[in-house]
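Student:
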Amino acid sequence: MKQSTLAVDLNNLYETSYASRLSPLVKANDLENKIKPSFSDGTLPNGTENVVIFQNWHRESRMKETELEWWLGKVTELRSDSFIAVLEDLSGKTNIVEFDKNEIDPRDEDLLFIGAKFTYSISSLDKPTGREYITRLALSARRTWLKEYVSKAKDLADEVLPEDLLNL
Amino acid sequence: MVSNNKQGIERCIFVALGSFNPAILHPQWFARHSILPVEEIEGLLAEPFKKEIPEIGATIEFGSRFLVEPTHALANFKSFFLRVDRGKFEVKCEKQEGFPLLLSFIKKIFLVLPETPISAYGINFDEHIQFAESSSSILSKFFSKNPIVTELFGEDCNFGYKIYTKIKEAKVRFRIEPSQVLEDGILLSMNFHYDNPSSDNKFLTDMLDIHFEDALTLTSKIVAGFGEIKERVEKLKK
Chain R
508 MKQSTLAVDL NNLYETSYAS RLSPLVKAND LENKIKPSFS DGTLPNGTEN
558 VVIFQNWHRE SRMKETELEW WLGKVTELRS DSFIAVLEDL SGKTNIVEFD
608 KNEIDPRDED LLFIGAKFTY SISSLDKPTG REYITRLALS ARRTWLKEYV
658 SKAKDLADEV LPEDLLNL
Chain F
237 MVSNNKQGIE RCIFVALGSF NPAILHPQWF ARHSILPVEE IEGLLAEPFK
287 KEIPEIGATI EFGSRFLVEP THALANFKSF FLRVDRGKFE VKCEKQEGFP
337 LLLSFIKKIF LVLPETPISA YGINFDEHIQ FAESSSSILS KFFSKNPIVT
387 ELFGEDCNFG YKIYTKIKEA KVRFRIEPSQ VLEDGILLSM NFHYDNPSSD
437 NKFLTDMLDI HFEDALTLTS KIVAGFGEIK ERVEKLKK
C-alpha cells in the first residue's frame with residue numbers, strides 16, 4: 508500500500524515536471540523506460556539507480572523587496588573624494604547628483620572614470636526581523652580605453668586589412 | 237492546468253530580435269544592478285532541496301534552475317521565464333500581476349545595455365479560453381462555413397482565422413481558432429510587432445510601457461467581446 512501511494516505520487520511528479528536534470532549515469536530515455544512504465548501500473552521499478560528528477564519549484568521567500576527608485580547613472584566629473592553623475596529614472600527624468608567615493612565598492616574602483624555608467628537603486632526589504640532600506644550602486648564592468656590598446660588595434664587592423672589588399 | 241479565472245489575459249510573451257550576449261545574463265548580474273527584487277533571484281542561487289527515495293535509488297530535487305552559457309541563457313524566475321540566445325530574447329510571464337515587473341525588467345536590461353542591437357520586438361498574448369458561448373458559435377460570427385470547405389472536409393470540421401492589420405506603429409496579427417488543449421475552447425493569439433525605426437533602442441526603452449498598454453487594452457477588449465469566460469488554461473506545457 509505504501510509503495511503504491513509512493514508510486515502514484517512520483518508518477519504525478521514525473522507528469523508535472525517539465526525539466527529533468529539527470530545524473531550523468533541516467534539519460535532521459537532510460538528514465539522514460541525504467542520509471543514511467545513501472546509507475547503506470549502502480550509498482551516500483553527495479554534496478555534504477557542514481558536517478559535524479561528535477562522539479563521546478565519556488566520556495567516561499569521570507570523576504571520581500573520593494574523598489575522605491577531605480578536610476579541609470581553616468582559619471583560626468585571626478586573630484587578628490589566624490590564624483591558627479593547624471594541620473595535618469597525609468598520615466599526619463601534626470602538629476603545631477605554628487606556621490607561620495609565611499610559609496611563605491613573598493614573592488615570596483617577601477618571602473619570609476621568619466622563616462623562610466625552605473626545603476627543606483629533604493630529599495631525596502633521586509634524580513635522576519637523587520638524592514639530594512641537598501642541602496643545599491645553598481646558600476647558597469649566596462650573597460651576603460653588604455654593607450655596600449657592603440658598599438659594592438661593597429662596590429663589587428665593591419666592583419667585584417669593589409670595595405671596591399673586592393674593591389675590586384 | 238485549467239482554471240476558472242475570469243481574467244481574460246494572464247499570459248504574455250515578450251520577444252526581441254537582434255544580437256544578444258547571453259553570457260552577461262547571470263542571476264548575480266540581475267541582483268547587482270537591482271533589475272529584479274531579491275525574492276525573484278534567491279531561489280536560483282540557492283541549493284536545490286533534495287528528497288531521497290532509497291527504495292528506488294532516486295532523488296527528487298526541488299529548485300529553480302538557470303543556465304548561462306556564451307550562446308544561450310535560461311532562467312526560471314519566480315514570476316517569469318527568460319530564454320535568450322544570440323538572436324532572440326524571450327520572456328514569458330503567466331500571471332497578470334507580474335506584468336509591471338516584466339516591463340521594468342526588460343526596460344532596465346536594455347537601459348543598462350544600450351549598445352545591444354535590437355531590430356524588432358513583439359508583445360504576444362496567447363490564451364486558451366472556454367466562453368459561455370460555444371466555440372463553434374463564436375467562430376461562426378467571424379466567418380460562415382463555405383460549402384466548398386464542408387464538401388471537402390465534412391460538416392463537423394473546425395477552422396480558424398488570421399487577421400493582419402496595422403495599428404499605430406504595430407503590425408498586428410490576430411489568430412482565432414479552436415483550442416487543441418481545452419475542450420470547446422478557443423485559442424486567441426495576438427501578436428503586436430514593432431520594428432526599430434532607428435539605430436538605438438529608444439523605440440523599446442521609451443515606448444514599451446505605451447505599446448504594452450495599447451496591446452493589452454485591445455486584446456482585453458476583444459476577449460471581453462466574446463462574453464463570459466468559463467475556463468482558461470492557466471499554464472501551457474513548455
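Line by line, the protein sequences are chains R and F.
Taking my numbering, the leading residue of the first sequence gets 508, the next gets one more, and so forth.
Taking my numbering, the leading residue of the second sequence gets 237, the next gets one more, and so forth.
Ideal placement from N, C-alpha and C gives every residue a C-beta, glycine not left out.
Three or more C-beta pairs closer than 8 Å, one from the segment 418-427 of chain F and one from the segment 355-369 of chain F: is that the case here?
Tutor: In short, these stretches touch, since the Cβ pair count reaches three.
Student: Taking the alpha carbon of R:I629 as the point to measure from, which residue in R:E639, R:E616, R:I621 and R:A623 has its own alpha carbon closest?
Tutor: Out of R:E639, R:E616, R:I621 and R:A623, R:E639 has the C-alpha closest to the C-alpha of R:I629.
Student: Chain F beta carbons: is any one of them nearer than 9 Å to that of R:L597?
Tutor: Yes - at least one Cβ of chain F is within 9 Å of the one on R:L597.
Student: Could you compute how far the alpha carbon of F:A406 sits from the alpha carbon of R:P669?
Tutor: Using only the alpha carbons, I get a separation of about 46 Å.
Student: Please name the residues in the segment 318-346 of chain F whose beta-carbon is closer than 8 Å to at least one beta-carbon of chain R, in chain order.
Tutor: Residues passing the 8 Å Cβ filter: S340, K343 and K344.
Student: Consult DSSP for R:N602 and reduce its assignment to one of helix, strand or coil.
Tutor: It is a strand residue.
Student: Would you give the residue range spanned by the beta strand (DSSP E) that R:G637 belongs to?
Tutor: Start and end: G637 to L646.
Student: For the 8 Å Cβ check, are there 3 or more pairs between the segment 248-259 of chain F and the segment 318-330 of chain F?
Tutor: Contact between the segment 248-259 of chain F and the segment 318-330 of chain F is present, because at least three Cβ pairs lie under 8 Å.
Student: Between the Cα of R:E567 and the Cα atoms of R:V582, R:L585, R:K634 and R:E584, which residue gives the shortest distance?
Tutor: Checked all of R:V582, R:L585, R:K634 and R:E584; the closest Cα to R:E567 is R:K634.
Student: So with Cβ pairs under 9 Å, would you call F:D362 a contact of chain R?
Tutor: No, no contact with chain R.
Student: Look at the alpha carbon of R:F590 and the alpha carbon of R:V582, and state the distance between them as a whole number of angstroms.
Tutor: Roughly 7 Å between the two C-alpha positions.
Student: With a threshold of 9 Å between beta-carbons, can R:L632 be considered close to chain F, or not?
Tutor: Yes, contact with chain F.
Student: Whose C-beta lies closer than 7 Å to the C-beta of F:K314 among residues of the same chain, with five residues either side of it excluded?
Tutor: E275, E276 and G279, listed in sequence order.
Student: Answer with yes or no whether the minimum CB distance from F:E449 to chain R is below 9 Å.
Tutor: Not one chain R Cβ lies under 9 Å of F:E449.
Student: Do you know how far the Cα of F:I446 is from the Cα of F:V478?
Tutor: Residue numbering for chain F in the displayed model covers 237 to 474; residue 478 of chain F lies beyond these limits and cannot be assessed.
Student: Along chain F, which residues have their Cβ under 7 Å away from the Cβ of R:A645?
Tutor: What R:A645 touches in chain F: R268 and H269.
Student: Cβ atoms of F:I271 and R:T626: under 9 Å apart, would you say?
Tutor: Yes, these two residues count as a Cβ contact at 9 Å.
Student: When you compare only the Cα positions, how much space is there between F:G461 and F:C329?
Tutor: Taking the straight line joining both Cα atoms gives about 24 Å.
Student: Mind listing the chain R neighbours of F:V348? Cutoff is C-beta to C-beta under 8 Å, in chain order.
Tutor: Residues of chain R passing the Cβ test: L579, K624, T626 and S647.
Student: Extract the residue ranges of the alpha helix (DSSP H) inside the segment 360-417 of chain F, only unbroken runs of 4 or more that lie entirely within it.
Tutor: Those alpha helix (DSSP H) runs which fall completely within the segment 360-417 of chain F and span 4+ residues are 371-378 and 383-389.
Student: Please confirm if F:G463 has its CB atom under 9 Å from at least one CB of chain R.
Tutor: No, F:G463 lies away from the interface with chain R (no Cβ there is under 9 Å from its Cβ).
Student: Is it true that the segment 245-255 of chain F meets the segment 332-339 of chain F, where meeting means three or more beta-carbon pairs spaced less than 8 Å apart?
Tutor: As far as the Cβ criterion goes, the segment 245-255 of chain F touches the segment 332-339 of chain F, which means the pair count is three or higher.
Student: May I ask you to list, following chain order, the residues of the segment 301-314 of chain F that have a beta carbon less than 8 Å from some beta carbon of chain R?
Tutor: Residues R301, N312 and K314.
Student: Would you mind telling me which residues of chain R sit closer than 9 Å to F:P290, beta carbon to beta carbon, in chain order?
Tutor: None at all; the shortest Cβ gap to chain R is about 11 Å.
Student: Within the chosen definition, does the segment 429-443 of chain F reach the segment 287-305 of chain F through at least 3 CB pairs nearer than 8 Å?
Tutor: No contact exists between the segment 429-443 of chain F and the segment 287-305 of chain F.
Student: Using the Cβ count rule (16 or more neighbours within 10 Å means buried), how would you classify R:A660?
Tutor: Flag for R:A660 reads exposed.
Student: Could you name the residues of chain F that R:N674 contacts, counting a contact when the two beta carbons are closer than 9 Å?
Tutor: None at all; the shortest Cβ gap to chain F is about 34 Å.
Student: Please go through the same chain and pick out, in chain order, the residues whose beta-carbon is closer than 7 Å to the beta-carbon of F:G334, but skip the five residues on each side of it.
Tutor: Same-chain partners within the cutoff: S315 and F316.
Student: With 16 other CB atoms within 10 Å as the buried threshold, where does R:R569 fall?
Tutor: Label assigned to R:R569: exposed.
Student: Note down, in chain order, each residue of its chain lying with its Cβ closer than 8 Å to the Cβ of F:E246, except the 5 sequence neighbours on either side.
Tutor: Cβ within range, chain order: E330, K331, Q332, E363, R468 and E470.
Student: If you drop the 5 nearest sequence neighbours on each side, which residues of the same chain put their C-beta closer than 7 Å to that of R:M508?
Tutor: Because the pLDDT of R:M508 is 37, which lies under 50, any placement of that residue in the model is unreliable, and the number read from its coordinates should be weighed accordingly. Taken in chain order, the list of residues that qualify is empty.
Student: Given that a residue counts as buried once 16 or more other Cβ atoms are within 10 Å of its Cβ, and exposed if not, what is F:N312?
Tutor: It counts as buried.
Student: Assign F:D420 to one of three DSSP states: helix, strand, or coil.
Tutor: In the structure shown, F:D420 sits in coil (DSSP, three-state: anything other than H, G, I, E or B).
Student: Determine, using beta carbons only, whether F:V274 comes closer than 9 Å to chain R.
Tutor: Closer than 9 Å to some Cβ of chain R, the Cβ of F:V274 qualifies, so yes.
Student: Can you tell me whether DSSP reads F:I296 as helix, strand or coil?
Tutor: Note: F:I296 maps to strand in three-state DSSP.
Student: For F:Y430 versus F:I359, is the C-beta spacing smaller than 9 Å?
Tutor: It is a contact, given that the beta carbons lie within the stated cut-off.
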